[in-house]
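In full-length UniProt numbering, the protein residues as written are 1 to 292.
For each residue, glycine too, the CB sits at the ideal point set by N, CA and C.
Note that this is a predicted model, so its numbers are computed, not measured.
Okay, structure first, notes after.
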Amino acid sequence: MASRILVPTDGSDAATAALDHALDIAADRGLTVHLLSVADTNQPSITRLGTEVVDALELEGAEIVSDAAERADERGVSSVKDVAQGDPRDVITEYASGDEFDRVAMGTHGRRGLGEYVLGNVTDHVVNRSDVPVLTVRAAEDARTTYPYETVLVPTDGSDHATAALEEAAAVAADCGATLHLLSVVDELPEVLDTGSAALSEAVEENVQAVLDEAAATAREAGVDDVTTTIESGPVARKITAVADSTGADLIVMGTHGHTGLDRHLLGSFTERVMRTAPVPVLTTRLADDRD
Numbered sequence: 001m002a003s004r005i006l007v008p009t010d011g012s013d014a015a016t017a018a019l020d021h022a023l024d025i026a027a028d029r030g031l032t033v034h035l036l037s038v039a040d041t042n043q044p045s046i047t048r049l050g051t052e053v054v055d056a057l058e059l060e061g062a063e064i065v066s067d068a069a070e071r072a073d074e075r076g077v078s079s080v081k082d083v084a085q086g087d088p089r090d091v092i093t094e095y096a097s098g099d100e101f102d103r104v105a106m107g108t109h110g111r112r113g114l115g116e117y118v119l120g121n122v123t124d125h126v127v128n129r130s131d132v133p134v135l136t137v138r139a140a141e142d143a144r145t146t147y148p149y150e151t152v153l154v155p156t157d158g159s160d161h162a163t164a165a166l167e168e169a170a171a172v173a174a175d176c177g178a179t180l181h182l183l184s185v186v187d188e189l190p191e192v193l194d195t196g197s198a199a200l201s202e203a204v205e206e207n208v209q210a211v212l213d214e215a216a217a218t219a220r221e222a223g224v225d226d227v228t229t230t231i232e233s234g235p236v237a238r239k240i241t242a243v244a245d246s247t248g249a250d251l252i253v254m255g256t257h258g259h260t261g262l263d264r265h266l267l268g269s270f271t272e273r274v275m276r277t278a279p280v281p282v283l284t285t286r287l288a289d290d291r292d
């Protein structure tokens with residue numbers, strides 16, 4: 001594990017929720033948090049207004065990271081403060097390249113100093129381009145965070161992207177001594193529900209269970225002692241969040257892309273929805289050959 005967690009922050013509730021969870025992890029693992037605020041100088045209005053607005057944004061960013069550093073100090077966590085200029089999406093993605101950081105921790109929503117919400121859009125961009133896993137955290141009444149994790153939920157469809165997420169989740173679960181709960185959601189299309197649909201459903205279930213069994217074997221080889229599997233049917237994102245609730249999961253780990261045996265996009269098209277509705281943090285991963 002690298003020695004730092006990158007925590008981009010704009011001072012919003014969601015960013016603070018992500019910071020607090022990152023501090024939980026850092027305090028337990030003896031890691032350093034790298035606090036980053038980006039003065040968004042990519043806006044045409046700011047370009048027209050000139051350096052005074054840019055300076056004001058940088059001053060605001062310095063205050064934000066200083067406040068975040070105080071929270072880290074209160075937890076006994078080492079921190080590094082950083083303020084940068086540019087498009088937050090590109091700046092954060094650039095920071096997350098290479099091997100300096102083990103994680104990026106971000107809120108699912110946020111704001112600019114001028115009152116405009118920005119971090120949610122930035123988070124989507126970083127999730128889809130970061131070289132390292134991105135941990136997203138919601139700030140909502142139904143959201144909860146805990147660490148060390150006791151139950152880690154991994155939705156899987158057997159794709160390469162899902163397998164990469166499984167490997168990451170297994171490492172996290174083994175490190176925390178957590179239960180790894182493997183989930184596959186069968187969301188059959190109406191057009192396949194014909195007179196032979198019962199036989200198709202049985203075949204699909206057998207194939208899905210085979211995928212789960214293989215995933216379970218992979219997790220056990222990675223050192224996870226407690227592995228459970230579940231097959232659900234219905235709307236994918238809704239089922240994932242429902243199972244997270246019913247199993248008491250503390251973390252969901254997903255790939256940013258994926259497909260089913262019917263060549264339907266699964267994990268990629270639903271990851272964003274899960275990030276916005278999950279009751280717990282979501283850790284997303286990408287394959288190395290997708291990082292362009």
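8 Å or more divides the Cβ of Leu23 from the Cβ of Val80.
Here DSSP, grouped into helix, strand and coil, assigns Asp102 to strand. By the C-beta density criterion, Ser66 is exposed, having fewer than 16 other C-beta atoms within 10 angstroms.
Apart from the 5 residues on each side of it in sequence, Ala216 sits with its Cβ closer than 7 Å to the Cβ of Leu182, Val227 and Thr229 in its chain, given in chain order.
The region 134-146 and the region 69-77 do not touch, with fewer than three beta-carbon pairs separated by less than 8 Å. Taking 8 Å as the upper bound for CB-CB distance, Thr256 and Thr271 are in contact here, some 6 Å apart. For a cut-off of 8 Å, the C-beta gap from Glu221 to Thr179 is around 16 Å, too long to register as a contact. Boundaries of the alpha helix (DSSP H) around Asp245: Val236 to Thr247. Thr146 sits in coil when the DSSP states are folded into three classes, being neither helix nor strand. Judged by beta-carbon spacing, Val154 lies within the 8 Å limit of Ala165, meaning their Cβ atoms are closer than that value.
A straight-line Cα-Cα distance of about 31 Å links Val280 and Gly86. With contacts defined as CB atoms closer than 8 Å, Ser246 and Val185 fail to qualify as a contacting pair. Non-local beta-carbon contacts of Lys239 in its own chain, meaning distances under 7 Å to residues more than five positions away in sequence, involve Val185 and Glu232 in chain order. Pro133 sits in coil when the DSSP states are folded into three classes, being neither helix nor strand. With respect to Leu6, Val122 sits apart: the two C-beta atoms are not nearer than 8 Å. DSSP, reduced to helix, strand and coil, places Gly61 within a helical segment of the structure shown.
For Val204, the closest C-alpha among the options Glu168, Gly158, Gly223 and Ala242 is that of Gly158. In the DSSP assignment, the residues bridged to Thr284 are Val134 and Met254.
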